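So the sequence lines, in the order shown, correspond to chains S and F.
Each residue of the first sequence is one higher than the one before, counting from 1 in our numbering.
Each residue of the second sequence is one higher than the one before, counting from 1 in our numbering.
No residue lacks a Cβ here, since even glycine has one placed at the ideal position from N, Cα and C.
What you are looking at is a predicted structure, and each value in this text was computed from that prediction instead of being measured.
In what follows, a structure is listed as structure tokens, so that the remarks can point back to it.
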Amino acid sequence: MATYSFQPIAFGLFVVFVGITIGISIYASRRVRTAGHYYVAGGGVKWFVNGIAFAGDYLSAASFLGIAGLIAFSGYDGFIYAIGFLAGWVIALFLIAEPLRKIGKYTFGDALAAKFKDRRVRLVASISAIVVSVFYLIPQMVGAGSIVQPLLGLSYEAGVLIVGLIVVLIVATAGMVSTTWVQFIKGFLLIFAALALTIGVLFMAGFGPVQFIGHFVQNPVTVPTTHGNTTIAGDVFMSPGVKYKDPWDFASLALALFLGTAALPHILIRYYTVPKPADARKSTVVAIVAIGAFYILVLFLGLGANLFNGAAYSNGGTLDPTNQNLAAPLLAQYVGGEWFFALISSIAFATILGTVSGLIMAASGAIAHDIYTEYFGRKGDDKKTLRVSKITAIAVGLVAIALGIAMKGQNVAFLVGLAFAVAASANLPALLAMLFWKKATSQGIIAGIIVGLTLSIGLIIVSPTFMGTTGEAWFSLQNPGIISIPASFAVTIGVSLLTQNSAKKGASNVAS
Amino acid sequence: MAISGYGILLPTDGSYPAIAATVRAIELARDRKGKLIILKVIGVEGAGMEKIAEDSALMRTAGIDGVAYAQDMAKKNGINFEVVYREGAVVGEIVRTATEKQVDIIVMGSSTIKGLPGLYLGSVSRGVIKEAPCDVVVVKLTEDEMNRAVQLAHEIAAAIKAPPPVKFDISDITKSNRFRTGAILLAIYGATYAIFIALAVYSINVRYHHQPQTPIFSIETLNMNVGLVFGFAVIFLAIVMAVFFNWYAGRSEKKSGGN
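Here's what the structure looks like:
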């Protein structure tokens with residue numbers, strides 16, 4: 001069992017990274033004087049920068065630490081997560097990127113408000129954006145807390161508090177400008193770190209990439225558990241089913257990952273930061289290439305951590321069964337020593353900073369812009385709007401810190417899977433109906449969002465996750481996607497068709 | 001060269017730097033007895049609208065209709081003028097109008113974002129300087145001149161209505177060939193992903209309920225197994241489709257003359 005203590009080098013590198021980030025934020029804040037700059041960095045971010053920032057926004061702690069750990073302990077089932085996380089981007093590229101950029105201003109709520117003259121649509125959409133973002137924030141904050149102890153030697157609560165406060169500082173100074181910077185820098189660092197670590201793993205294993213993976217298929221694999229090691233046949237470890245034993249639960253997760261990505265509010269807001277639809281498309285392509293490359297590399301990291309666990313045993317091993325999230329940093333320690341460990345650890349923190357910044361931007365944008373400014377019509381001068389936005393960002397950050405401390409001990413990658421299901425259920429039907437379906441009515445959209453949101457969260461509450469073992473829970477699947485996503489689509493379509501007449505009446509009233 | 005006299009292109013978005021440019025352009029037109037072409041670019045709302053918001057806030061006032069202001073100024077000074085509305089990306093449309101109208105000079109406001117953020121935040125004036133077929137004047141007024149322009153702008157602002165709200169129209173995208181191609185690619189990818197997940201589900205089912213059979217994903221192939229090869233294929237398919245689609249879309253945009 002690895003023991004963890006204060007790591008001066010890792011802590012030092014982390015301080016340096018945070019220092020640079022905050023320096024940029026404060027510098028950039030002098031230029032951020034309007035809501036437009038605050039929410040979407042003035043709409044002038046270059047497509048390549050935005051593409052890498054997408055990767056930095058999207059590749060959360062769950063992707064880097066969570067999936068590497070999942071692959072190290074559960075083999076192929078971890079790899080499926082990686083495939084699902086990438087798959088959803090294809091929907092974003094082919095259906096969402098260009099049309100969404102063409103309409104709307106700061107948020108998804110703007111786009112809805114541009115099509116439907118019903119103010120309630122904006123309100124419901126913004127509440128959904130807040131709920132999904134907070135749902136996604138919880139695992140990020142839990143992740144921050146659970147790795148700060150082993151990596152920096154500080155307590156769980158201190159980790160959540162530090163990450164929360166730094167992000168609040170970044171977001172409240174320069175909003176999307178500094179968030180873009182953090183995500184861009186982090187996206188680059190993360191991909192290069194994964195590449196360096198993969199090269200190190202292959203070099204030390206003495207295998208080519210294909211040979212390396214083949215080694216696991218053909219040889220028995222040792223997986224440490226809290227009760228000692230177990231040995232699994234290689235072809236079993238490298239096939240589906242080590243972690244997912246219920247085919248329906250697995251299908252539900254796969255559906256949620258595929259349909260959830262393009263419905264995540266913190267991803268959608270990045271589309272408004274580029275000047276034109278073509279830039280939205282190009283940045284999505286950059287994101288797909290970067291994220292796809294990263295997920296291929298993660299397979300090598302996870303398997304490498306498993307392979308070297310025995311060899312690094314005197315040093316505590318590369319796998320800690322009590323904290324699966326540490327596979328990648330511990331692997332770095334084995335491959336490159338203390339400095340590499342420090343580097344990977346500080347990048348892991350940067351990863352959390354980038355994603356949490358994006359989430360807080362999404363949630364506070366929905367509150368300050370959609371609800372306060374637009375729904376309640378408090379259109380003061382820009383200075384006042386900006387102040388409200390910043391206060392909201394601070395408030396959301398404090399809520400995130402509180403939730404992070406309250407939810408201590410929850411599984412990170414798993415919670416993210418649930419957030420995808422909620423996003424896909426609540427937002428995707430509304431998004432697609434708004435963009436491509438002429439018969440969609442505001443009532444249909446509102447009903448679809450409400451049903452998707454409440455059904456997905458309701459099913460999670462009565463699932464085995466919160467009600468104990470499968471036998472006792474009212475709903476047998478852990479991921480609600482397979483029920484709540486089709487239900488939300490059905491309600492959006494059904495209610496829209498039933499309210500065709502009133503929509504026409506409303507339209508003619510507007511015309512007259 | 002313009003056939004009838006000295007052609008001056010004035011792109012305006014109603015921001016204060018643009019108002020400043022209007023003042024200079026009017027002076028120039030009066031001195032050289034030139035013709036003023038007032039250009040407003042609409043459509044790609046992000047850049048334009050954001051600039052208005054940003055610039056007007058820098059001067060702490062609401063944006064006004066730059067075209068009406070320029071028209072008003074031109075009339076007062078007895079200058080021959082023409083108003084052009086264009087839809088599209090700001091820099092591209094300014095340069096296109098300058099080329100088509102064969103103007104001699106472009107007079108525009110500066111709203112460059114300086115310093116580190118300027119590295120990735122775009123600047124319209126910088127883009128125009130780079131691409132323009134003629135001289136470009138980027139206007140910097142003195143404080144006095146600016147105040148005078150601001151005052152004038154306020155006087156006429158009251159009489160001018162706010163610009164109409166942006167219409168919800170994405171038909172130019174959804175009716176394009178690239179969008180149809182994208183939809184087909186999405187269908188292919190979605191089907192591939194569905195087959196992949198279905199086979200994985202089947203493999204889990206075989207493992208836990210039909211033990212003696214070998215799950216499809218466990219069949220060894222290419223030094224790995226079917227599941228791994230298929231998994232890599234799904235990842236690579238996304239990357240290849242994305243890169244191809246971007247190439248295809250870029251090509252069709254160029255053909256149609258868009259930006």
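CB contact check: residue i to chain S, cutoff 7 Å
i             : result
residue 59/F  : Its pLDDT being 39, under 50, residue 59/F is placed unreliably by the model, and the measurement read from it follows with that caveat. No, because no Cβ of chain S sits closer than 7 Å to the Cβ of residue 59/F.
residue 223/F : yes
residue 129/F : no
residue 63/F  : With a pLDDT of 49 at residue 63/F, under the threshold of 50, the modelled position of that residue is not reliable, and the figure given next carries that caveat. Chain S contact via Cβ: absent.
residue 203/F : yes
residue 244/F : no
residue 185/F : yes
residue 200/F : yes
residue 16/F  : no
residue 208/F : yes
residue 85/F  : no
residue 238/F : yes
residue 38/F  : no
residue 89/F  : yes
residue 189/F : yes
Partners in chain F for residue i, counting only beta-carbon separations shorter than 7 Å
i             : result
residue 98/S  : 173
residue 83/S  : 231, 234 and 235
residue 480/S : Near residue 480/S there are no residues of chain F at all, since even the closest Cβ is about 17 Å away, more than 7 Å.
CB contact check: residue i to chain F, cutoff 7 Å
i             : result
residue 424/S : no
residue 251/S : yes
residue 164/S : no
residue 169/S : no
residue 247/S : yes
residue 235/S : yes
residue 76/S  : yes
Proximity winner among the options, relative to residue i (alpha-carbon distances)
i             : options                       : result
residue 109/F : 16/F, 69/F and 246/F          : 16/F
residue 205/S : 455/S, 47/S, 309/S and 95/S   : 309/S
residue 5/F   : 19/F, 34/F and 213/F          : 34/F
residue 276/S : 79/F, 27/F, 90/F and 83/F     : 90/F
residue 424/S : 430/S, 259/S and 369/S        : 259/S
residue 252/F : 84/F, 176/F and 239/F         : 176/F
residue 152/S : 13/S, 109/S and 322/S         : 13/S
residue 116/S : 297/S, 443/S, 50/S and 268/S  : 443/S
residue 406/S : 495/S, 157/S, 388/S and 416/S : 157/S
residue 163/S : 178/S, 273/S, 147/S and 50/S  : 147/S
residue 58/S  : 496/S, 358/S, 431/S and 455/S : 358/S
residue 372/S : 16/S, 35/S and 15/S           : 35/S
Proximity of residue i and residue j at Cβ, strictly below 7 Å
i             : j             : result
residue 375/S : residue 123/S : yes
residue 223/F : residue 210/S : yes
residue 68/S  : residue 326/S : no
residue 74/S  : residue 243/S : yes
residue 104/S : residue 126/S : no
residue 25/S  : residue 173/S : yes
residue 104/F : residue 134/F : yes
residue 226/F : residue 219/F : yes
residue 99/S  : residue 319/S : no
residue 348/S : residue 165/S : no
residue 448/S : residue 429/S : yes
residue 132/S : residue 265/S : yes
Per-residue contacts from residue i into chain F (C-beta, under 9 Å)
i             : result
residue 238/S : 217, 218, 224, 225, 227 and 228
residue 210/S : 222, 223 and 224
residue 390/S : Neighbours of residue 390/S on chain F: none; closest Cβ ~15 Å, over 9 Å.
residue 446/S : Under the 9 Å cutoff, chain F gives no residues; its nearest Cβ is about 17 Å from residue 446/S.
Neighbouring residues, chain S, relative to residue i (Cβ below 9 Å)
i             : result
residue 241/F : 90, 93, 94 and 288
residue 69/F  : Those within 9 Å of residue 69/F in chain S number zero; the least Cβ separation is about 21 Å.
Under 8 Å by beta carbon: chain S residues contacting residue i
i             : result
residue 249/F : 278 and 281
Partners in chain S for residue i, counting only beta-carbon separations shorter than 7 Å
i             : result
residue 168/F : 103, 114 and 115
residue 197/F : 251 and 254
residue 193/F : 87 and 258
Unbroken stretches of the alpha helix (DSSP H), 4 residues or longer, contained in the stretch 432–466 of chain S: 442–461
Completely contained alpha helix (DSSP H) runs for the stretch 39–75 of chain S, where each covers 4 or more residues: 47–58 and 67–74
Beta strand (DSSP E) runs wholly inside the stretch 67–149 of chain F, at least 3 long, in chain order: 81–88, 105–109 and 135–139
Every unbroken alpha helix (DSSP H) within the stretch 275–316 of chain S, with a cutoff of 4 residues, ordered by chain: 277–307
Minimum length 4: unbroken alpha helix (DSSP H) runs contained in the stretch 198–285 of chain S: 209–218, 234–237, 247–260 and 265–268
Those runs of the alpha helix (DSSP H) which lie wholly inside the stretch 349–419 of chain S and span at least 4 residues: 382–406
Those runs of the alpha helix (DSSP H) which lie wholly inside the stretch 94–124 of chain S and span at least 4 residues: 97–102 and 108–115
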